[in-house]
Each structure stands twice: as structure tokens, then as C-alpha cells.
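For reference, each letter of the sequence shown is one residue, going 974 to 1130 in this note's numbering.
Think of the CB as a built atom: it goes at the ideal place given N, C-alpha and C, for glycine as much as any other residue.
Everything on this sheet refers to the single structure shown next.
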Amino acid sequence: MTKDVARAPHHDAQAALDAIHRHQEQTLDAYLRHAYSRPYLIAAALGLFAVCSSFDLPSPWNTAAVLSGNGLVLGGLFVYRRRAPVRRKAVGSEALFYTATGVLLAVLFWTVVIAAHFLALPARHTLAAAVTALTAVAASYVVRPLVGTVIRRDGQV
């Protein structure tokens, strides 16, 4: 009987740790599910497309496209932050990962613009904007588990 009593605190502590880890995983899943939900993804892709394609528009319309694209992205971020079930700050390698993703999308955009220029295609910025926005949407399905891995590795659930 005394052995069972001696094991009880260890068992309770392990059960508490398991519960903490389970709640951390649920928190991370809720964060990722909300961050990569379809409405926010579509708003960001449309905003990216509007801003990037604005280079092909004449003077008053390019400003309107940039403002509407930025409005979509910023409005989506505002709604995202207000409705987020889990609020956390991106730290360390997660912020670096997001920065690298943005740089890769910018490199993709300008690579497509240059290729479209050499191929003498019309509306090369619009074409590049479409390719970049579609790539961002497609890549989000690959990036989501990677972000989860980065967050878990940092221990910032």
C-alpha cells in the first residue's frame, strides 16, 4: 500500500504534464487552423494580386489598385487578429521563416516579370501577380505544417 502512495505524486505530476502538452497541441492546432483558414488566405492572395498587378495600370488606377490591395490585406489582418482564438507573437525562427517566405514570393514575382518581358508578353506584372498569388495559396498548404514544426521547435506554443 505504501508503494502505491509513493507512486501517486509521480503519477499525478506526469498526468498534469501530459495534460499541459495536450493543451499546448490543441492551442497550436487552433492557431494554425485560424491562421491558414480559407477566408484570410483568399483576402491575402487578392490583396497581393491587386498590389502586384497595379504596375500595369495607368496612373489613377494603379493608386486605386494599391490602396484596395493594401486595404484587403490590412483589413484581413485586422479581422484575423480580432477573431483569433489564440493570440501569440511570432518569435525568433518563426518571424525569420515568414520573412524568408515573403522574400521568396518577391523573387518569384520579379522572376516572372523578367521572363514575361523577354517573352514579350503583354501585362507582364499582371501575369506575375497571378502566378505569385496562386503560388502563395498553393504553398500555404505546405507551409502550414512547417510553421507548426518551427513553433514546436521553439517551444512557443
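Among the options, nearest to residue i - alpha-carbon criterion
i, options, result
"Phe1028", "Ala1109, Val1123, Pro1095 and Tyr1114", "Pro1095"
"Gly1042", "Ala1023, Pro1118 and Thr1036", "Ala1023"
"Ala1109", "Leu1092, Ile1015, Arg1055 and Arg1061", "Ile1015"
"Leu1155", "Thr1072, Cys1025 and Ala1017", "This structure leaves residue 1155 out entirely; the chain is present only between 974 and 1130."
"Arg1056", "Pro1012, Ala986 and Ile1087", "Pro1012"
Counted within 10 angstroms of its Cβ, other Cβ atoms place residue i as buried (16 or more) or exposed
i, result
"His1098", "buried"
"Thr1105", "buried"
"Tyr1114", "exposed"
"Ala1111", "exposed"
"Ser1010", "exposed"
"Met974", "With a pLDDT of 47 at Met974, under the threshold of 50, the modelled position of this residue cannot be trusted, and the question is left open."
"Leu1107", "exposed"
"Asp991", "exposed"
"Val1085", "buried"
"Ser1032", "exposed"
"Leu1092", "exposed"
Assumed close pair residue i, residue j - CB separation to whole angstroms, cut-off 8 Å
i, j, result
"His1007", "Pro1058", "6 Å"
"Leu1045", "Leu1019", "5 Å"
"Phe916", "Ala1063", "This structure gives no information on residue 916, because the portion of the chain shown stretches from 974 to 1130."
"Glu1067", "Val1116", "No, Glu1067 and Val1116 are not in contact; Cβ-Cβ is about 11 Å, not under 8 Å."
"Leu1001", "Arg1125", "7 Å"
"Val1039", "Phe1070", "Not confirmed; about 26 Å, so no contact."
"Arg1061", "Tyr1004", "7 Å"
Can you list the alpha helix (DSSP H) stretches of 4 or more residues lying completely in the segment 1004-1034, in chain order? 1011-1026
### Query
Whole alpha helix (DSSP H) runs in the segment 1093-1130 with 4 or more residues, listed along the chain?
1097-1127
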